[in-house]
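The sequence shown begins at 1 in full-length UniProt numbering and counts up by one.
As structure tokens, the structure follows; a few thoughts come after it.
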Amino acid sequence: MNKDQFVVTASQMRDIETRIFTAGMPVAALMEKVAGLISQRLQAIISPGECVGILAGSGHNGGDALVVARELHFRGYQVWIYQPFSKLKELTAQHFQYARNLAIPCYQEITELPNCDFLIDGLFGFGLEREITDTIATAINYFNAGNQPIISIDIPSGLHTDTGEVLGTAIQAQYTFCLGLWKQGLLQEQAIPYIGQAQLIDFDIPLADIYTVLGDSPQIKRITSTTALSTLPLPLPLTTHKYKQGHLLLICGSRRYAGGAILTALGARASGVGMLSIAVPATIKPLLVSHLPEALIIGCPETETGAISHLQLPENTDLNSFTAIACGPGLTQDHPALIPEIIQCECPLVLDADALNILAQIGTISTLQQRTAATILTPHTGEFHRLFPHISPLNRIKAVQTAAQESVAIILLKGARTAISNPQGHVWINPESTPALARGGSGDVLTGLLGGLLAQILTKAGGGFWKDQVLDQIVSVTMNKVISIEDIVATATWWHSQAGILAAQARTELGVDAFTLTQYLIPVLKR
Ligand SMILES: NC(=O)C1=CN([C@@H]2O[C@H](COP(=O)(O)OP(=O)(O)OC[C@H]3O[C@@H](n4cnc5c(N)ncnc54)[C@H](O)[C@@H]3O)[C@@H](O)[C@H]2O)[C@@H](O)CC1
Ligand SMILES: Nc1ncnc2c1ncn2[C@@H]1O[C@H](COP(=O)(O)OP(=O)(O)O)[C@@H](O)[C@H]1O
Ligand SMILES: [K+]
Numbered sequence: 001m002n003k004d005q006f007v008v009t010a011s012q013m014r015d016i017e018t019r020i021f022t023a024g025m026p027v028a029a030l031m032e033k034v035a036g037l038i039s040q041r042l043q044a045i046i047s048p049g050e051c052v053g054i055l056a057g058s059g060h061n062g063g064d065a066l067v068v069a070r071e072l073h074f075r076g077y078q079v080w081i082y083q084p085f086s087k088l089k090e091l092t093a094q095h096f097q098y099a100r101n102l103a104i105p106c107y108q109e110i111t112e113l114p115n116c117d118f119l120i121d122g123l124f125g126f127g128l129e130r131e132i133t134d135t136i137a138t139a140i141n142y143f144n145a146g147n148q149p150i151i152s153i154d155i156p157s158g159l160h161t162d163t164g165e166v167l168g169t170a171i172q173a174q175y176t177f178c179l180g181l182w183k184q185g186l187l188q189e190q191a192i193p194y195i196g197q198a199q200l201i202d203f204d205i206p207l208a209d210i211y212t213v214l215g216d217s218p219q220i221k222r223i224t225s226t227t228a229l230s231t232l233p234l235p236l237p238l239t240t241h242k243y244k245q246g247h248l249l250l251i252c253g254s255r256r257y258a259g260g261a262i263l264t265a266l267g268a269r270a271s272g273v274g275m276l277s278i279a280v281p282a283t284i285k286p287l288l289v290s291h292l293p294e295a296l297i298i299g300c301p302e303t304e305t306g307a308i309s310h311l312q313l314p315e316n317t318d319l320n321s322f323t324a325i326a327c328g329p330g331l332t333q334d335h336p337a338l339i340p341e342i343i344q345c346e347c348p349l350v351l352d353a354d355a356l357n358i359l360a361q362i363g364t365i366s367t368l369q370q371r372t373a374a375t376i377l378t379p380h381t382g383e384f385h386r387l388f389p390h391i392s393p394l395n396r397i398k399a400v401q402t403a404a405q406e407s408v409a410i411i412l413l414k415g416a417r418t419a420i421s422n423p424q425g426h427v428w429i430n431p432e433s434t435p436a437l438a439r440g441g442s443g444d445v446l447t448g449l450l451g452g453l454l455a456q457i458l459t460k461a462g463g464g465f466w467k468d469q470v471l472d473q474i475v476s477v478t479m480n481k482v483i484s485i486e487d488i489v490a491t492a493t494w495w496h497s498q499a500g501i502l503a504a505q506a507r508t509e510l511g512v513d514a515f516t517l518t519q520y521l522i523p524v525l526k527r
């Protein structure tokens, strides 16, 4: 089984290791195994003959680094060791002694260090417990200022293993080889500038130990292509028809922001949803019709400024006629009364952009209390602050958990590492994205895509969901599979980011405007 989806804190990793050691695995044997795997990965990056500086700490992160030093020495690399500590853990001390007896040059002062082509950072792993100061802080700053790439073992030294916070100072790595299971800190936004390209080194931790420590349904998980693809509504049933593939209502756009409605709609189109209805101010109806001839465009009465003033749905239709509703992009805040009207709907509801700004104005938690079906809020950091001003966004994982619990909604906090939580605190983190998405309109695309996916998957499950299930956020019970709404939210997030990555590969990071992004959604699935 792929261990890529698990995420651990330092204390959970410590508990898992303890279980392995208690079961009989010798500590020294595990260190040998782990460092052997690290050495193999290094040899794919560094050519024999090149000079490698090894930075060794006092604990087992340093022990790993010293075994790597020995291995690279025997594989024909020029190796030296920087080891400034006076007291080492026993196993680490033994490896240090052996390296010295092999005549690998060892130094305690940065002023003595020869030049090198690469540095291996084994100063601190998940055992870092306080701020780095004095000699070690000076050394880390010195290494960061050099030209040679740094490869960190487990986590860049100086980062807090859980929060990704910099404790005093931290190594800026080009590569991070995370050992065994992904550390939570590597998925926090503040850690991104320090991590470089991150890879997991799987050293065969038994699944039973992982589940014993993390629980049968782990609280925090990484979204991977495997987890995302397992939720997509593919292949379609051979005998399906359009009304079985979901009916999404988008409520978006204004005279001022007509483009937001188009982008949201194009995101929804790519989801493959069976029926798409789009409520917009009457003035921009012809524009939407020309972009999306397949959609039902509902022209609504508008305010003087060109915002929707009232939802005028077709005859025999009300909000509960739809499988899901997504609302907000380009709406403006000119007519706040629209939101309390929409909140009444008894189907899953995605709120984004101006719908969130209005929600913040009228009272986030009190308004959402009226909801009987699932609600998904998709704020960026600014909108999150308006919705939940009392929640610190510094630890984004904690922040989404708290916000979701308080609002009894699913919260998707957008950013370079989008984090999603359900009210029970189950979190998905999107580990792979691109700054090419940091452009106006790309969030609108996500809202449409997510709405479309929700409508479709709900309908595939038979369209029936009961109140008690809704509170558990469970929407679909097929023969042997339970799909929860937050899994669908995670899948949409993954799909959107992968489209950004694919578009950036084809067109550079500057070539991913929001319209172009919509054109790369389907190619992600073909790949
Ligand atoms: N047992 C093994 O062989 C394995 C080792 N692993 C490695 O072991 C690491 C964890 O090892 P440890 O628990 O020994 O911890 P570390 O090697 O991360 O560091 C702990 C040491 O640093 C000291 N220290 C902490 N903060 C400090 C500060 N601010 N300034 C100065 N000293 C400080 C501590 O007192 C302790 O001696 C992992 O990150 C990984 O690299 C595991 O990943 C795999 C299994
Ligand atoms: N630096 C970044 N790296 C990766 N993804 C990003 C980055 N910045 C923004 N994004 C993504 O781009 C989208 C921006 O959405 P949003 O802020 O709502 O923009 P808009 O409202 O203009 O559409 C989100 O999906 C977000 O996760
Ligand atoms: K390290």
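Note that CB positions come from ideal geometry on N, CA and C, so glycine has one too.
What you are looking at is a predicted structure, and each value in this text was computed from that prediction instead of being measured.
Beta-carbon gap between residue i and residue j smaller than 8 Å
i	j	result
F177	R75	no
residue 556	I155	A question about residue 556 goes unanswered here, because the residues of the chain that appear run from 1 up to 527.
T434	G500	yes
T161	A137	no
L288	A307	no
L248	A326	yes
Q83	C106	yes
T212	Q5	no
I522	I410	no
A295	L331	no
C-alpha distance - residue i paired with residue j, whole-angstrom precision
i	j	result
A279	A360	22 Å
E17	I171	25 Å
I45	D202	18 Å
V68	D121	11 Å
T372	E346	6 Å
V79	T111	17 Å
Q190	L313	45 Å
A492	A436	17 Å
I488	A103	57 Å
A173	P233	39 Å
G63	S157	14 Å
T303	T375	27 Å
A504	D513	10 Å
L458	S230	15 Å
I205	V8	13 Å
Endpoints, alpha helix (DSSP H) assigned at residue i
i	result
F143	D134 to A145
V213	L207 to L214
F384	T381 to L387
A337	From DSSP, A337 is part of no alpha helix (DSSP H); its letter is neither H nor E.
V68	H60 to F74
A268	A258 to A270
A399	R396 to S407
T323	It is not in any alpha helix (DSSP H) - T323 carries neither H nor E in the DSSP assignment.
I192	I192 to I195
Heavy atom of ligand 4 within 7 Å of residue i beta-carbon
i	result
F96	This structure does not include ligand 4; its bound ligands are ligand 1, ligand 2 and ligand 3.
Extent of the continuous beta strand (DSSP E) run through residue i
i	result
R222	I220 to R222
S277	M275 to P281
S152	I150 to I153
L351	L349 to L351
I365	No beta strand (DSSP E) contains I365, which is instead part of the alpha helix (DSSP H) from T364 to L368.
I38	I38 -> not in any beta strand (DSSP E); alpha helix (DSSP H) instead, spanning V27 to I45.
I16	First-last for I16: A10 to T22, but that is the alpha helix (DSSP H), not the beta strand (DSSP E).
H247	H247 to I251
I376	T375 to L377
Residues that residue i bridges to, as DSSP identifies them
i	result
L91	DSSP, once it has assigned bridges, lists no residue as partnering L91.
W428	K221 and I420
E302	I308
V489	DSSP lists no partner for V489.
G53	W80 and L119
C178	L200
L412	I420
residue 528	What the structure shows of the chain is the stretch from 1 to 527, and residue 528 is not part of that stretch, so it cannot be assessed.
C106	I81
F6	K221
K183	V8
Distance between beta carbons of residue j and residue i, contact taken as under 8 Å
i	j	result
I298	S277	6 Å
E71	A35	7 Å
I195	L167	Contact flag wrong, Cβ pair sits at about 15 Å.
G441	G260	7 Å
S271	L453	5 Å
S309	H335	5 Å
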